[in-house]
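Notes for the one structure printed next.
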Amino acid sequence: MTFSIVAHDPQSGELGVGVATHQPCAGAVVPWVKAGVGAVATQSFTNPAYGPEGLGLHKHPVAGGDFGLSCLRHCALLRFRMGAV
Numbered sequence: 249m250t251f252s253i254v255a256h257d258p259q260s261g262e263l264g265v266g267v268a269t270h271q272p273c274a275g276a277v278v279p280w281v282k283a284g285v286g287a288v289a290t291q292s293f294t295n296p297a298y299g300p301e302g303l304g305l306h307k308h309p310v311a312g313g314d315f316g317l318s319c320l321r322h323c324a325l326l327r328f329r330m331g332a333v
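For the sequence shown, this note's numbering begins at 249 and goes up steadily by one.
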């Protein structure tokens, strides 16, 4: 089982992602953070493309839910995916 959290401190502007799991090397594929842009966590049948895709949306900002829908709309493994923005 994997647990992830994405956090933003509105006072300081700091962003972060935390991951706890039994799976080795989850830190290489679950958290994606870029200062001043955002934070993304993908887990469960992780698609590493979702991290850079989510962080790339700073050029065309959308609400977190819209990002999730845009990433997963054409995903064949939709029922297995989990994520947070």
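We put the beta carbon where it would ideally sit given N, CA and C, even for glycine.
Query - For G261, three-class secondary structure by DSSP - result: DSSP places G261 in coil when its eight states are reduced to three.
Query raised in the report: Do G286 and L303 have their C-beta atoms within less than 8 Å of each other?
Result: Going by C-beta atoms, G286 is nearer than 8 Å to L303.
Query raised in the report: On the three-state DSSP scale, how would you describe A274?
Result: If DSSP states are grouped into helix, strand and coil, A274 belongs with the helices.
Query raised in the report: Does the Cβ of A276 have 16 or more other Cβ atoms within 10 Å, making it buried, or fewer, making it exposed?
Result: The residue is exposed, with fewer than 16 neighbouring Cβ atoms inside 10 Å.
Query raised in the report: So, is Q259 buried or exposed, given that buried needs 16 or more other C-beta atoms within 10 angstroms?
Result: Counting the other Cβ atoms within 10 Å of the Cβ of Q259 gives fewer than 16, which makes it exposed.
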